[in-house]
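Quick notes on the structure that follows.
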Amino acid sequence: MSARAAPCCPECGASRCRESRWRSHEEKLSHPGGHPYRCLACSHRFIAKPPARNSSGNSQTGTWATVVAAVLLAGVGLVAAALLAGEDDDSSGTTETAMQEAPPTTSTLEAAKAGDPEAQYRIGRAALLDASHGKAAGAEAVHWLSRAAASGHSGAMLQLGKLYRSGVGVPQNYEYAEKWVRASADAGNTDGMVELGRLYRSGLGVEQNAVTAYVWFNRAAAQMNMDGVHERDNIALKLSQEELKAAQAESVAAEGNLALPISGPVAQD
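Numbered per full-length UniProt numbering, the sequence shown spans residues 1 to 269.
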């Protein structure tokens, strides 16, 4: 009997992923050779090519030995690629992440050196995908992402936070993870808001607080981030009525530009 292993999650790097369902026939046709997966650690849904099937017995042992050797050869850079990108409901509409990105061009590198934050961000992500750099990939990624983040690039801030949270390519540091993820969320990045909510939900770098996690998920959802919708609705099930009411009131206060209910009768034309 054979079993198909799932790839690592491209969002958090976890290896605990299960097969998901296609959302439509059109989605399946647009990803030939790919298959949808759901990460059991962070609920991220992604599409990737299925790993080769492993048969039981001695052949499985040989396959695992090959996999271990490949990972050791690839080094941290290959594992860190999994960082580039709701629970069991596959209709949550979460954003999918491509497992591969086009390598940066010479013009992108020149733009990065000249101080372009977007180019620096792209170079930093590309460094994580280059297994030939080995352990140096993490240092190079942090170098370019830090420069982009210092210039206000919220995506670079978020990527730095994820790197420090996972500890892949850099020493794991939840304090640094919280710092950069919060900076991204405060800059208005809705993916940063979702990630900050996850830190509060898990108590990583911050005191665990489900109410505050709901607030950040809710703020992201209010800006049409479907990961935020999925995470918010999941954690709402764990809150009491009083906690939910307080979390929703805090969300409205934080998003001061939201329309408030009309107190009087609506004028008719």
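For glycine and all other residues, C-beta sits at the position ideal for the given N, C-alpha and C.
>> Since S20 and P36 should fall inside the 8 Å C-beta cutoff, what is the C-beta to C-beta distance between them, to a whole number of angstroms?
In response: On the sequence shown, position 20 is the one that residue 20 refers to. On the sequence shown, position 36 is the one that residue 36 refers to. Confirmed, Cβ separation roughly 4 Å.
>> Here's the rule I'm using: 16 or more other beta-carbon atoms within 10 Å means buried, otherwise exposed. How should A254 be labelled?
In response: Taking the sequence shown and counting its residues from 1, one reaches residue 254 at position 254. Per the 10 Å Cβ criterion, exposed.
> Do D191 and G155 come within 9 Å of each other at the CB atom, strictly closer than that value?
Replying inline: The residue given as residue 155 occupies position 155 in the sequence shown. The residue given as residue 191 occupies position 191 in the sequence shown. For the pair G155 and D191, the CB atoms are nearer than the 9 Å cut-off.
>> On the CB-based measure, 16 or more other CB atoms within 10 Å of its CB, does L29 come out buried or exposed?
In response: Here the question's residue 29 lines up with position 29 in the sequence shown. Per the 10 Å Cβ criterion, exposed.
> In the DSSP assignment, what are the bridge partners of P36?
Replying inline: For the purposes of this step, residue 36 is taken as the residue at position 36 of the sequence shown. Per DSSP, I47.
> Under a Cβ-count criterion, where at least 16 other Cβ atoms within 10 Å of its own Cβ denotes burial, should G203 be classed as buried or exposed?
Replying inline: Here residue 203 is taken as the residue at index 203 of the sequence shown, counted from 1. So G203 ends up on the exposed side.
> What are the partner residues of R18, as DSSP defines its beta bridges?
Replying inline: Sequence index remark: in the sequence shown, residue 18 carries index 18 (1-based). Per DSSP, R38.
> Ends of the alpha helix (DSSP H) at N234?
Replying inline: What you label residue 234 is simply residue 234 of the sequence shown in a count that begins at 1. 226-236 is the span of the alpha helix (DSSP H), which, as asked, contains N234.
> What residue from G188, G34, A41, A221 has the CA that sits closest to K49's CA?
Replying inline: One-based indexing of the sequence shown puts residue 49 at position 49. Residue G34 is the option with its Cα nearest to K49.
> Whose CA, out of D233, V194, A137, R232, lies closest to the CA of L158?
Replying inline: The sequence position of residue 158 within the sequence shown is 158, counting from 1. When each option's Cα is compared against that of L158, the closest is V194.
> In chain order, what residues of the same chain lie with their CB nearer than 7 Å to the CB of V206, ignoring the 5 residues before and after it?
Replying inline: As a working mapping, residue 206 is identified with position 206 in the sequence shown. E178, L199, Y200, listed in sequence order.
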